[in-house]
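See structure below.
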Amino acid sequence: MGIQRLIARLQLKPAQSLALSFLGTILLGTVLLKLPFSSAAGKSTSLIDALFTATSATCVTGLVVVDTPTHFSTFGQVVILLLIQAGGLGIMTLSTSLALIFGRQMGLRSKLAMQNVLDQVDVEGMKSLIIYILKMTLVIEVIGAVLLFLHWRG
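For the sequence shown, the working numbering assigns the number 20 to the initial residue and increments by one for each residue that follows.
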């Protein structure tokens, strides 16, 4: 049974599916951060440290229990950056964006959930808002990256 069918069978309300998506993202991040090659020392990070780091990154809290640049390898740092990105954009917005990018059709339940999260009445308004969010995020991040590059280069 696919995950789509399992979720459909659960008949989750939008708020429940949002909470479940955050939980799933945090658990996936925890597993990835616990892998030995996520650590700079090549040793597995403790479960509580990996869970705390993944939760903090996904919820965009910024709290840490280990020194991120020295404790985590490049892979671990990329995982943390992706968790921050997913949490910052909002997991529902991110998953809907990916569905739109890859041309997948959204089910009625998904459309209603996104309309509720984004406070949009129609699907076209929702698509326009998501595209706007993605464009603005990209523009702001590119400007920030260029400014940081110029600052650190000199």
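Quick reminder that beta carbons are idealized off the backbone N, C-alpha and C, glycines included. Nothing here was measured: the structure is a model prediction, and the numbers come from that model.
By the neighbour-count criterion, in which 16 or more other beta carbons inside 10 Å mark a residue as buried, G43 falls on the exposed side.
Beyond the five residues adjoining it in sequence on each side, L82 comes within less than 7 Å, by CB distance, of S75 in the same chain, given in chain order. Counting along the chain, the unbroken alpha helix (DSSP H) around P88 starts and ends at 87-90.
Under the three-state reduction of DSSP, S147 is assigned to helix. Rounded to whole angstroms, the Cβ separation of L167 and V98 is 21 Å, and the two are not in contact under 8 Å. In this structure I45 is buried. Its beta-carbon is surrounded by 16 or more other beta-carbon atoms within 10 angstroms. Ranking A105, V85, V50 by CA distance to the CA of T77 puts A105 first.
Less than 7 Å separates the beta-carbon of S92 from that of A59. CA-to-CA, the gap between S65 and M155 works out to about 37 Å. In terms of Cβ geometry, A73 and G48 form a close pair [threshold 7 Å].
For G107, the uninterrupted alpha helix (DSSP H) run begins and ends at 93-108, by DSSP.
In this structure I149 is buried. Its beta-carbon is surrounded by 16 or more other beta-carbon atoms within 10 angstroms.
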